[in-house]
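Let me begin by presenting the structure, written as structure tokens, before commenting on it.
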Amino acid sequence: MTDRGETALLSLDIGTTHCKAALFGENGRLIRLARTETVKYAEDGWEFYDPERLWAGIAGLIREAMPSELAKSIRCVGITSMAETGLLVDRRTGAARTPFIPWFSPCSKPQAEQIAASTDPLEQFAATGLRSSYKYGLAKILWWKQRDPGLLKGAVWLSASDYAAYRLTGALATDYTLAARTYAFRIDRKQWDAVWIRHFGLDTELFPEALPSGAVMGKVNEEAARSLGLPAGVPVVIAGHDHVAASLAAGAVKPGRVMDSIGTAETLVGVMPERKLAAADLDAGLSFGCHPIPGLMFWMGGLSASGGSVEWLRAVLSEPALSYDRLLAMLDETAPGPTGILYFPYLSGSGAPQPDAEAKAAFIGLAARHGRVDLLKAVLEGTAYEMEWMRRSAELAAGSAISALTVTGGGVQNRHWLQIKADVSNCPLELSDTPESALLGSAMLAGTGCGLFRDAFEAEAAMAGHRKRSVIRPQADYHHEYRRLFETGYVPLQMPLRRYHHNIEKGDGAL
1 MTDRGETALL
11 SLDIGTTHCK
21 AALFGENGRL
31 IRLARTETVK
41 YAEDGWEFYD
51 PERLWAGIAG
61 LIREAMPSEL
71 AKSIRCVGIT
81 SMAETGLLVD
91 RRTGAARTPF
101 IPWFSPCSKP
111 QAEQIAASTD
121 PLEQFAATGL
131 RSSYKYGLAK
141 ILWWKQRDPG
151 LLKGAVWLSA
161 SDYAAYRLTG
171 ALATDYTLAA
181 RTYAFRIDRK
191 QWDAVWIRHF
201 GLDTELFPEA
211 LPSGAVMGKV
221 NEEAARSLGL
231 PAGVPVVIAG
241 HDHVAASLAA
251 GAVKPGRVMD
261 SIGTAETLVG
271 VMPERKLAAA
281 DLDAGLSFGC
291 HPIPGLMFWM
301 GGLSASGGSV
311 EWLRAVLSEP
321 ALSYDRLLAM
331 LDETAPGPTG
341 ILYFPYLSGS
351 GAPQPDAEAK
361 AAFIGLAARH
371 GRVDLLKAVL
381 EGTAYEMEWM
391 RRSAELAAGS
401 AISALTVTGG
411 GVQNRHWLQI
421 KADVSNCPLE
431 LSDTPESALL
441 GSAMLAGTGC
451 GLFRDAFEAE
461 AAMAGHRKRS
471 VIRPQADYHH
481 EYRRLFETGY
491 VPLQMPLRRY
501 HHNIEKGDGA
511 L
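This is how it looks when you write it as structure tokens:
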């Protein structure tokens, strides 16, 4: 329960597999937490989220996380979510015109290719911080247009965060971090790109008002208040991209400090001074966007099959899949130091620093002496090599050394993996005891938006800065061995392997 008179912040996180709601005290103390599955369904071979079912789940979470005796303590609501997932709603009535298309759906690949062919890659990257991809909202809108052009008339595109905020307030808005993931928003000007939008025969009214992350976009209306038990008039802020929100809670708010979020996918997020993007930034393979802190921009790179590689191997090595307890027990039996096996973790393509949707996974260096446990450790090493490659690329792009990584996500439970990461990168890994980083980051932005804190720095100091952090330090001897394997094997073999797989796809096995 809150202390007498204590302010509380309600935070929502709409994720790919789960939706969550949490109540935080103004000091960052987690008071209540509720979660539910983000249920998908399939139609015509594609996966979708149903808007009404998604909202019903969120509404239930709000009621669970905020019992009636705590309602009056709510100062603000913050909402974060997966970035590119979106839908079309009727601008006048707010009724959903379409289901949500998940960020990971490849249905709009042809449209993404059409978009990419319509512009100079560097020019569009300098404006948006992105490369054309089927993930982004513009490609998804064009996919709906091809299926039924009438869907777009009088419609507006909303992300998952935007839709939840609309259901609470009746206002249509987004934030800069989510607007940018449409590929129709200029981060250099912080506005929708009207010329680019019209190039595709679209109306600029398809997109909502874009606000800075954490700005108040509306207040809880009477209808939502009656339904959910929230006080009417409570401010609502869109906290934006879940990884960016989580990085605030992780303390990655200054150059050189980076969040490493380890789950099925793995993401690095860091900051740099706001500036014009150039060819070197494009070559780094990272994406860039407007940071919630004025004067900063964030960079981001991800590996889509990091923990996913571990999940894959768990299933391959045993039927039923290895339990996590058994997996950790096997790792306890491994010899210290590198296996000598190189695993390339591209089960679903590669991201930064060489984005390639057609890249394939591979093991190199296997011998008869290697067994299941060696393969398991090699997978952990391979994901660590990939993130090290990304880290080095980010150092060059951001112009500052990365001196420490703050680790969040489910991967923090595997200390073997964390030690390998520290040894490969030669960076200490800080493990924060901050629970639910995306939710806490969303609450921090909510507190800033409603005036509880002056800015995100003060919010970070008040809500996350006091938390304890344990540190995993690199082991120098093993780092030298890992560095040799990384620099003489992992990186040099990238291009031959990629050329081979691309040639195989074209029916030519020659390198």
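Per the UniProt record's numbering, residue 1 is the first one in the sequence shown, and the count goes up by one each step. All C-beta atoms, glycine included, are put in the ideal place defined by N, C-alpha and C.
Which residue comes first and which comes last in the beta strand (DSSP E) that contains M272?
-> Position 272 of the sequence shown, counted from the first residue, corresponds to residue 272. That run of the beta strand (DSSP E) goes E266 to P273.
What three-state label does DSSP hand I341 in the structure shown?
-> Locating residue 341 in the sequence shown gives position 341, counting from the first residue. The answer is coil: DSSP assigns I341 none of H, G, I, E or B.
A8 - DSSP class collapsed to helix/strand/coil = Looking up residue 8 in the sequence shown gives position 8. Three-state result, A8: strand.
How would you label P474, buried or exposed, when you count the other beta carbons within 10 angstroms and need 16 or more for buried?
-> Stepping through the sequence shown from its first residue, residue 474 is reached at position 474. Classification for P474: buried.
Quick one: is T2 buried, meaning 16 or more other Cβ sit within 10 Å of its Cβ, or exposed?
-> One-based indexing of the sequence shown puts residue 2 at position 2. Bear in mind that a pLDDT of 49 at T2, under 50, signals an unreliable position, so the model cannot answer this.
Of all the options L230, V77, R92 and G410, which has the alpha carbon lying nearest to the alpha carbon of residue 527?
-> Absent from the structure is residue 527, since the part of the chain shown begins at 1 and ends at 511.
Would the beta-carbon of S287 fall within 9 Å of that of L130?
-> If you number the sequence shown from 1, residue 287 lands on position 287. If you number the sequence shown from 1, residue 130 lands on position 130. Yes.
On a CA-only basis, which of V244, L376 and S318 is nearest E333? Give me that one, please.
-> As a position in the sequence shown, residue 333 is number 333, starting the count at 1. Comparing Cα positions, the closest option is L376.
Count the CB pairs spanning the stretch 453-466 and the stretch 409-429 that are closer than 8 Å, and state whether there are at least three.
-> no
Would you mind reading off the limits of the alpha helix (DSSP H) that contains D44?
-> The count along the sequence shown starts at 1 and reaches residue 44 at position 44. Looking at the DSSP string, D44 is not in any alpha helix (DSSP H), and its letter there is neither H nor E.
Coarse secondary structure for I74, derived from DSSP in three states = Residue 74 sits at position 74 when you count from the first residue of the sequence shown. Note: I74 maps to strand in three-state DSSP.
Boundaries (first-last residue) of the beta strand (DSSP E) holding F288 = Indexing the sequence shown from 1 puts residue 288 at position 288. Start and end: S287 to C290.
In terms of alpha-carbon separation, which member of S105, T169, A126 and F457 lies closest to K140?
-> Mapped onto the sequence shown, residue 140 falls at position 140. Here the closest residue by C-alpha is S105.
Bridge partners - R226, DSSP secondary structure assignment = Sequence index remark: in the sequence shown, residue 226 carries index 226 (1-based). Its beta-bridge partners do not exist; DSSP assigns none.
With distances taken Cα to Cα, identify the nearest neighbour of V271 among Q146, P294 and G382.
-> Taking the first residue of the sequence shown as position 1, residue 271 is located at position 271. It is P294.
Note down the Cα distance separating R314 from R372, rounded to an integer number of angstroms.
-> Within the sequence shown, numbered from 1, the residue matching residue 314 stands at position 314. Within the sequence shown, numbered from 1, the residue matching residue 372 stands at position 372. So the two alpha carbons sit approximately 10 Å from each other.
Let me know if H291 comes out buried or exposed under the rule of 16 or more other beta-carbons within 10 Å of its beta-carbon.
-> The residue labelled residue 291 in the question sits at position 291 within the sequence shown. Buried, by the Cβ-count rule.
Quick one: grab the DSSP three-state call for A139.
-> Position 139 of the sequence shown holds residue 139. Three-state result, A139: helix.
Count the other CB atoms within 10 Å of the CB of M259; is the residue buried (16 or more) or exposed (fewer)?
-> On the sequence shown, position 259 is the one that residue 259 refers to. Under this definition M259 is a buried residue.
Do Q146 and W196 have their C-beta atoms within less than 9 Å of each other?
-> Position 146 of the sequence shown, counted from the first residue, corresponds to residue 146. Position 196 of the sequence shown, counted from the first residue, corresponds to residue 196. In this structure, W196 does not lie closer than 9 Å to Q146 by Cβ.
For the stretch 207-216 and the stretch 155-172, state whether three or more C-beta atom pairs, one from each stretch, are separated by less than 8 Å.
-> yes
Spatial neighbours of W417 in its chain, beta-carbon cut-off 7 Å, leaving aside the 5 residues before and after | Counted from its first residue, the sequence shown places residue 417 at position 417. Hits under 7 Å: L380 and G411.
Give the DSSP bridge partners of L347, in chain order.
-> Walking along the sequence shown from the start, residue 347 turns up at place 347. G349, per the DSSP bridge assignment.
Inter-residue Cα distance where the pair is S132 and C107 = As a working note, residue 132 is residue 132 in the sequence shown. As a working note, residue 107 is residue 107 in the sequence shown. Rounded to the nearest angstrom, the two C-alpha atoms are 14 Å apart.
Measure the alpha-carbon distance for V316 versus S304 and round it to whole angstroms.
-> Taking the sequence shown and counting its residues from 1, one reaches residue 316 at position 316. Taking the sequence shown and counting its residues from 1, one reaches residue 304 at position 304. Using only the alpha carbons, I get a separation of about 19 Å.
Name the one or two DSSP bridge partners that M300 has.
-> By 1-based counting over the sequence shown, the position of residue 300 is 300. Beta-bridge pairing links M300 to V269 and S287.
Closest to E47 by CA distance: which of G94, R32 and I101 is it?
-> Numbered from 1 along the sequence shown, position 47 holds the residue referred to as residue 47. Closest option to E47, Cα to Cα, is I101.
To the nearest angstrom, how far is it from the Cα of G509 to the Cα of P496?
-> Here the question's residue 509 lines up with position 509 in the sequence shown. Here the question's residue 496 lines up with position 496 in the sequence shown. Below a pLDDT of 50, predicted positions are generally treated as unreliable, and G509, at 49, falls in that range; the measurement from the model is reported next regardless. So the two alpha carbons sit approximately 12 Å from each other.
Spatial neighbours of G263 in its chain, beta-carbon cut-off 8 Å, leaving aside the 5 residues before and after | Numbered from 1 along the sequence shown, position 263 holds the residue referred to as residue 263. Excluding sequence neighbours, G263 sits near S306, G307, G409, G410 and G411.
For C19, the three-state DSSP class (helix, strand or coil) = Reading the sequence shown from its first residue, position 19 is the one you call residue 19. DSSP places C19 in strand when its eight states are reduced to three.
Residues near E274 in its chain [Cβ-Cβ closer than 7 Å; skip 5 each side] | Within the sequence shown, the letter at position 274 stands for residue 274. G295, L296 and M297, listed in sequence order.
The alpha helix (DSSP H) enclosing W55, as first and last residue numbers | Here residue 55 refers to the residue found at position 55 of the sequence shown. P51 to A65 is the extent of the alpha helix (DSSP H) around W55.
Rounded separation between L511 and Y500 - CA only | For the purposes of this step, residue 511 is taken as the residue at position 511 of the sequence shown. For the purposes of this step, residue 500 is taken as the residue at position 500 of the sequence shown. Confidence in L511 is poor, its pLDDT being 48 and thus under 50, which makes the residue's placement unreliable; the coordinate value appears in the next sentence. Each residue's alpha carbon lies about 5 Å from the other.
Count the other CB atoms, across all protein chains shown, that sit within 10 Å of the CB of G137; report buried if there are 16 or more and exposed otherwise.
-> Along the sequence shown, read from residue 1 onward, the residue named residue 137 stands at position 137. Counting Cβ neighbours within 10 Å, G137 comes out buried, since at least 16 surround it.
How is the beta strand (DSSP E) around K219 delimited, first residue to last?
-> Taking the sequence shown and counting its residues from 1, the one referred to as residue 219 is at position 219. That run of the beta strand (DSSP E) goes V216 to K219.
On the three-state DSSP scale, how would you describe V471?
-> Stepping through the sequence shown from its first residue, residue 471 is reached at position 471. If DSSP states are grouped into helix, strand and coil, V471 belongs with the strands.
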